[in-house]
Each structure stands twice: as C-alpha cells, then as structure tokens.
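Numbering (the numbering used here), first residue to last: -8 to 439.
Since the structure comes first, as structure tokens, the remarks are kept for the end.
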Amino acid sequence: MEHIIIIGNGISGVTLARHVRKLSDKKITIISAESDYFFSRTALMYVYMGHMKFKHTQPYEDWFWKKNRIELVKGYVEKVDPASKIIHLANNTTLSYDKLVIATGSKPNRFGWPGQDLPGVQGLYSKQDLETLEKNAPNNTVCQRAVIVGGGLIGIEMAEMLRSRKIPVTFLVREKSFWNGVLPNGESAMINQHILAHHIDLRLDTNLKEIIPDEQGRVKAVITDKGETIPCNVVGLTAGVTPNIDFLKGSGITLGKGVKVNRFLETSVPDVYAIGDCAEQHEALDQRRPVEAVWYTGRMMGETLAQTLCGKRRAYNPGHWFNSAKFLDIEYQTYGWVFSERNKEDHEQHFHWRHPKENICITIAYHKETNRFLGINTFGIRMRHEIFDRWLNQNKEVDHVLTYLKDANFDPEFYTQYEDAIVAKYNAEHQKNIDPKKKSWKRIFSKA
Ligand SMILES: Cc1cc2nc3c(=O)[nH]c(=O)nc-3n(C[C@H](O)[C@H](O)[C@H](O)COP(=O)(O)OP(=O)(O)OC[C@H]3O[C@@H](n4cnc5c(N)ncnc54)[C@H](O)[C@@H]3O)c2cc1C
C-alpha cells in the first residue's frame, strides 16, 4: 500500500490527510514536533485570554485519527533523503515514504537584533510560545510592561492578549501608520486610533535597536532607534514570519524563501510536495504573493493536493483573494484586491466610507477607466463571501455593487445597516443617483 508521509500537523497537512482518506485507502502518517493533535493556531490567543482551554482548540476528538487510520508521530524531522525516500527523525528513527508532503508552516522572524535570544524575548506562533508567554507574562506583577515589535496581525493579537491581563504594552511599529503597507490610509488611521483607545502605547515610525539584559541575563529594557530606553520584562517579536524549512538544506529539494513548488504543488524532486505557509510558488498567481502565510491558503492547498495524490492531478487555483482577521474588537474582511496607497496601481480608485462615530468603515476598489469592481475591505460590517466572489467573476461595475450592497450584508438580524449611508456618500461624491435595492434572498441564492 502506498505510504504518504506528511511533515506538519497544521491546517494544510491535516486537511490533506483528511481528504486523502476520503478519496483512498492509502497509508497516511503525519509527523509533528509541536503537538500530539491538530489544533487551531488562530485560536491560541483565546487560551491565554481565558475564553477557552487548549483542548477546545482541537477540532477533532482524540479517537478521530485512529478511526480514520491516520497515524500520528510526535517527532522532529531532521533530514530528508529523497534519493532513498527516507526521512530521519531527531530520535534516530527513520521512516520510508512513497510520497512526501512538506507542510511545516512558518517561524517568527528574528532580524539579528542584539539581545533577541534573551530569556523573556519570544515570538507568538506555536503551542510552546503560548506556554512560554504564560510563564513570562502570567500577570502584571511578574510582567510590568511588555514591548511588542512589529505591527502586523500577530502583533496586535499579542497586544490584545497581554492587555486582557492588564499588562501595560508598548507597541513598536516601523511604519508611519499601522499596517499601511496593506491597508488604505483611512482604515489604517482608524486602527491607529483604536489601538490607542485600548490603552496600548503605540509608537509609530519606531524601530527596535537593542534588547538589554539585567544582572540575571533576563530582558530588562529595549532601546529604540529614537534613542529611548523602555523598561520591560517581556519582548514579543512579531515582525512577520518565514517558511520553516531549514531542515531541508542539503536535501536537494530546491529552496527559495520557501520550498519551491509549481502550480501542482510539486517540488523539484519527484514524489515530494509542499503546501501551506512553507510553499513558495515559482511565479506568484494573479496578484498574490509567492508565499502566502494564511490559514485559508493552507486549507485550499491541502484539498487540492489530495486530488493529485489520489490520481486526479489538479493545479492550485485559489480563485479570488479573501481573508479575515480581527483588530482588537474590530472584525475585518477583505474580498478581491484593495491595495494600500503605497502599493496600488494608477488605475485603482478607492471609495471610502467611515461611520462618523463608530469604528466601522469600508473601502471599495474599482478600475478608474472601466469602473470594474476590484475588491472591498470591510471593518465592523460582515459581508457575504459568495456574493463578492460572484460579482468579481462577473466583472460587475462598482455601481452594481453599491446598488445591491444590501444583498452582500451578512450581519445578524437587527444589527444596524449602513448601506443607505454608504450609497448616499458615494452618490454625493460621484454625482450619481443610485437607489440601493432591498435585500433579496432570491437574488442571494440564485446561481447566476
Ligand atoms: C497567533 C496567530 C494568529 C493567526 N491568525 C490568522 C488569521 O486570523 N487568519 C489567517 O488567515 N491566518 C492566521 N494565522 C496564520 C495561520 O495560522 C497559518 O497560515 C497556518 O496555521 C499555516 O498552516 P500550515 O499547516 O501551513 O503550518 P503550521 O500551522 O505552522 O503547521 C506546521 C507544523 O509543522 C511542524 N513542523 C515544522 N517543522 C517540522 C519538522 N522538521 N519536523 C516535524 N514537525 C515540524 C510545526 O511544529 C507545526 O506544528 C495566524 C498565525 C498565528 C501564529
């Protein structure tokens, strides 16, 4: 029986295993150095915040794996030898495979800052990082201030976690406005205000220069590039992630930033594949990045590769870009492409609406000449994924999107609706007379 070994039990490896099992009887082994069972990485923050226990982050019961004949091995893979189709584990055991899938995810970036390896300095990625944070920052007596370095989605999560235990947080962000390499200016400005409103000491346009130890060798302060010394007991390094692939050096598998793969998620070596955060496309698809360190990508790649491994060779074709996240208590969704001022092309025009008092806003991107709808960002309003997918597929114009925007609203019943106000602003700015249509379930569920 063909043996598929998957290194990594994250969303990509586990999705692959589940789908291979649905489609075949192949022998499946998943190896992970991190945890006995699959857990939801995106839920780690809620464990620290006391909303759930770690076991609640595990979507499957412990018996699920045996019942589905998916063998789990806890161990670290040190070396892959594609010539003999053998992998070597740190405990000196070896395993042989017919097909090997690398799904080893990411690791937090460390840019060689002096003091970056001191006790008290940590990233937030793994179950072990969560345990370390519990030790480093159990309360605001042990941790009287934390400094977080790097203004992305993980940084803001870490700030929220620490604030939930009333630990003072200073947040060093290199950019002049939060996440403004990704978000348009209006949205980024709203998040700046929201961070400050949560009593997080946000320092924009500020870099970490050095981390200083105390007499015991633990972190005691950071020095910024502005020459300021900030005393702290914990430093969170959240300046992005990099594919976790060091163990593959010398294996003969072509590596770039990640494991190089073609559209079929095949590496340069026969019978070896890579999926999820650690995979790097030779050429980026559409406007995506060659490495996509997001949860949905891992899941889609796992589903796609399962087809190939079970005899139906299939290319990774993720469709329109979408993602969701949370900035403290503001929910964020994005469908299609809305680029920041820094990254957008000349033809990309934005329409922005922001609620006068609440942290609610949207930005719609469209083509300046053709008026084609390109994408939407929403903050504080939930929208329906399938509707935007449909409008993007059908190359709808921005006026159509505004006319039928109520169809896209996915907020629960009795939530305040803002579409009339949004369209009124659009009409005023564009000298238009769009009359927003009432929500129609018939239209929403029509296949067209
Ligand atoms: C705190 C946090 C919040 C996030 N929030 C979001 C979000 O809101 N939305 C979103 O889209 N994404 C989010 N992400 C990113 C998302 O979690 C990742 O994109 C996703 O988990 C990647 O899945 P993966 O299966 O590729 O890898 P991983 O989940 O990283 O799994 C890889 C596994 O392989 C193991 N491994 C690595 N090397 C070896 C080896 N040599 N031997 C054995 N095992 C090995 C690792 O220990 C790990 O268990 C978040 C990430 C973090 C850390």
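Where a beta carbon is used, it is the ideal one built from N, C-alpha and C, also for glycine.
Endpoints, the beta strand (DSSP E) within which residue i is located
i      : result
THR233 : 232 to 234
ALA316 : 313 to 318
ARG363 : Where ARG363 is concerned, there is no enclosing beta strand (DSSP E), given that its DSSP letter is neither H nor E.
THR394 : From DSSP, THR394 is part of no beta strand (DSSP E) but of the alpha helix (DSSP H) over 389 to 394.
LYS65  : 61 to 65
ARG209 : ARG209 -> no beta strand (DSSP E), and no H or E assigned at all.
LYS433 : From DSSP, LYS433 is part of no beta strand (DSSP E) but of the alpha helix (DSSP H) over 432 to 436.
Distance cut-off 7 Å: residue i Cβ against heavy atoms of ligand 1
i      : result
ILE244 : no
TYR67  : yes
GLY96  : yes
GLU294 : no
ILE182 : no
MET40  : no
PHE238 : yes
HIS424 : Per the sequence presented here, residue 424 reads as Asn, with His not at that position. Answer for ASN424: no, Cβ out of range of ligand 1.
TYR116 : yes
Nearest-angstrom Cα separation, counted from residue j out to residue i
i       : j      : result
ASN442  : ARG375 : Outside the shown range of the chain, which is -8 to 439, sits residue 442, and nothing can be said about it.
ILE378  : LYS430 : 12 Å
SER97   : SER117 : 10 Å
VAL282  : ILE351 : 30 Å
GLY177  : HIS343 : 7 Å
ILE(-2) : ILE93  : 5 Å
LEU228  : LEU199 : 10 Å
ARG32   : GLN49  : 9 Å
PRO204  : ARG136 : 15 Å
ASN386  : VAL392 : 10 Å
PRO427  : ILE191 : 39 Å
GLU420  : ILE353 : 15 Å
SER26   : ILE244 : 26 Å
ARG290  : ARG165 : 31 Å
VAL213  : GLU206 : 15 Å
ASN130  : TRP54  : 36 Å
ASN127  : ASP411 : 49 Å
Cβ pair residue i, residue j closer than 8 Å
i      : j       : result
PHE370 : TYR323  : yes
THR161 : ILE221  : yes
GLU388 : PHE364  : yes
ALA297 : LEU7    : yes
GLY142 : TRP170  : yes
ILE22  : VAL71   : no
VAL140 : VAL232  : no
LEU86  : ILE(-4) : yes
VAL133 : ASN224  : yes
CYS301 : LEU14   : yes
Residues near residue i by beta carbon distance below 8 Å, same chain, minus five either side
i      : result
LYS423 : ASP390, TYR417
TYR326 : HIS311, TRP312, PHE313, GLY366, ILE367, MET374, HIS376, PHE379, ASP380, LEU383
LEU239 : VAL71, ILE93, LEU246, VAL250
ASN235 : THR95, GLY96, SER97, LYS98, ASP268, CYS269
ALA306 : ARG254, PHE255, THR295
Span of the alpha helix (DSSP H) around residue i
i      : result
ALA150 : 144 to 155
ALA297 : 286 to 300
ASP120 : 118 to 127
THR6   : 2 to 14
SER179 : 176 to 188
TYR39  : 35 to 39
GLU377 : 376 to 384
ILE413 : 410 to 421
TRP56  : 55 to 58
Close-in-space but distant-in-sequence residues of the same chain around residue i (CB under 7 Å, 5 per side omitted)
i      : result
HIS338 : HIS358, LYS359, GLU360
PHE318 : ILE147, ILE182, HIS185
ARG304 : PHE255
ASN82  : GLY66
GLU257 : TYR264
HIS10  : GLY293, GLU294, ALA297
ARG101 : GLN107, LEU228
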